[in-house]
């Protein structure tokens, strides 16, 4: 039985405009690979089942001060 450190991280990428995605699949894959390598360097014996979750977040789904980013975008136009 293999015992090692593991981790889970969640990264949320805002999409300020619904027609544009902030990062490509290749960029996300490179980030996930680099993050795993970085945590492996920090934690040593890292279990393969460590998770990195990259989530695209639509502007209408997040905000601050009671207003969505989509609301702010629409008002700025």
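Numbering (this note's numbering), first residue to last: 10 to 86.
For every residue, glycine included, the Cβ atom is placed at its ideal position computed from N, Cα and C.
Determine the contact status of residue i and residue j, defining contact as a CB-CB distance below 8 Å.
| i | j | result |
| --- | --- | --- |
| residue 34 | residue 66 | no |
| residue 39 | residue 18 | no |
| residue 80 | residue 74 | no |
Going by CA-CA distance only, name the one from the options that's closest to residue i.
| i | options | result |
| --- | --- | --- |
| residue 78 | 12, 48, 15, 23 | 23 |
| residue 82 | 68, 75, 38 | 68 |
| residue 16 | 86, 84, 73, 46 | 46 |
| residue 13 | 75, 84, 72, 57 | 57 |
| residue 36 | 18, 71, 63, 19 | 63 |
Identify every residue that forms a DSSP beta bridge with residue i.
| i | result |
| --- | --- |
| residue 76 | 73 |
| residue 83 | DSSP lists no partner for residue 83. |
| residue 18 | 61 |
In three-state DSSP terms, what is residue i?
| i | result |
| --- | --- |
| residue 35 | helix |
| residue 41 | helix |
| residue 59 | coil |
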